[in-house]
Amino acid sequence: MEEGGAAVREDRWAWLVRMLAGGGAGLLAALIFVPYFMDTRLVNPVMCLLCVALGVAAGLATLPFADDGKSLLLRSGAHFAVTSALFVLLMAQFYGWWWEGLLLLEGMLALLYALIWLGRWIGWYMEVMQLRTLLGLDAGPSPLKWRETLPYAPFVLLLCDGLPLLLRWAEHEIQRGSILELPVLSALILPFVLLPAGGFFAGVSLGKRQGVCPLYPLACFVCYLPMLSLLSTAELFHGFLAAVPALAGNVLGWMYRRAVPKRGDA
5 MEEGGAAVRE DRWAWLVRML AGGGAGLLAA LIFVPYFMDT RLVNPVMCLL CVALGVAAGL
65 ATLPFADDGK SLLLRSGAHF AVTSALFVLL MAQFYGWWWE GLLLLEGMLA LLYALIWLGR
125 WIGWYMEVMQ LRTLLGLDAG PSPLKWRETL PYAPFVLLLC DGLPLLLRWA EHEIQRGSIL
185 ELPVLSALIL PFVLLPAGGF FAGVSLGKRQ GVCPLYPLAC FVCYLPMLSL LSTAELFHGF
245 LAAVPALAGN VLGWMYRRAV PKRGDA
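With this note's numbering as the guide, the letters of the sequence shown map in order to residues 5 to 270.
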């Protein structure tokens, strides 16, 4: 009980120190930069308060990550929502309620927040993996299951890059010397039959073995992008015709995996 109480007091102290440090930094920034940007010698109390609140939010962002993924996502989402709201209110004091500019600034804040969060998350994840290894436990799935998706990379490259080039070459050979060239293979059969079917059934196979792997449909879309500059018949929506069925198949395979237990599990 005493150890638990000491841990709680230590956590509260960590929160308080970070909030005071962040609030002090926000107040100092308000006193220095607000008069400069507003071209005045006085500091607006509202802007000063917003700077302090934004500093407190920045200070809380330095707290260690939560121990489990669900709590981590909930806390991170709540923190970003509060931070973005304070940021919008502060920027509105400078530029007014010009929504186009505010949305642009919000997008820049979201990008910066995501980069910092991702950098911290990678370190947190590596610590979790090291701890599980030291305890003799399974290290668990890789981030976004990239390692589990990697064996399907040759298939994705073949489906989204090799096959379009091969079919386009076959069309040229078949219709060589013809006045009218109809790209039936590369413009109809490939995007509306082969890409969806290939992506879907491979996604089912991956989902049944590894569960939901979000990088698989993303890889299908990204790998098709070079075809936009290499093939005249390629269109951007063809990439979605590969990625969306790939995602659907992956989720369906995951659902099958959960519904039908493996032999020996029963």
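Ideal Cβ positions, reconstructed from N, Cα and C, are used throughout, including at glycine.
First through last residue of the alpha helix (DSSP H) which encompasses residue i
i	result
Gly73	73-99
Arg172	167-178
Thr66	From DSSP, Thr66 is part of no alpha helix (DSSP H); its letter is neither H nor E.
Pro158	157-161
Trp150	150-153
C-beta atoms of residue i and residue j nearer than 7 angstroms
i	j	result
Leu245	Pro168	no
Gly105	Leu163	no
Glu175	Ser190	yes
Ala252	Phe225	no
Gly26	Gly81	no
Phe91	Leu113	yes
Ala70	Arg79	yes
Leu58	Gly30	yes
Pro200	Pro249	yes
Ala61	Val21	no
Phe84	Tyr117	yes
Val208	Leu256	yes
Ala89	Cys55	no
Contacting residues, own chain, Cβ-Cβ under 8 angstroms from residue i (five flanking each side not counted)
i	result
Asp165	Cys227, Tyr228, Pro230, Met231
Leu94	Met51, Leu54, Cys55, Leu58
Lys74	none
Tyr260	Val208, Gly211, Lys212
Beta-carbon proximity list for residue i, same chain, < 7 angstroms, skipping 5 on both sides
i	result
Tyr156	Ala206, Leu210, Tyr220
Cys217	Lys149, Glu152, Thr153, Leu210, Asn254
Trp258	Gly211, Gly215, Val216
Trp121	Ser80
Leu198	Leu167
Minimum Cβ-Cβ distance from residue i to chain B less than 7 angstroms
i	result
Leu67	In summary, chain B is missing from the structure at hand, where a single protein chain is found.
Near the ligand FMN: residue i beta-carbon under 6 angstroms from a heavy atom
i	result
Cys224	Among the components of this structure there are no ligands whatsoever, and the ligand FMN is therefore not found.
Sequence-distant residues of the same chain with beta carbon closer than 6 angstroms to residue i, five excluded per side
i	result
Arg172	Ser190, Leu235
Glu6	Its pLDDT being 49, under 50, Glu6 is placed unreliably in this model, and the coordinates cannot settle the point.
Ala223	Val160
Ala238	Met231, Leu232
Gly243	Phe225, Tyr228
Query raised in the report: Unbroken alpha helix (DSSP H) runs of length 4 or more, entirely within the region 200-256: which are they?
Result: Counting whole runs of 4 or more residues, the region 200-256 contains the alpha helix (DSSP H) stretches 219-228, 231-234.
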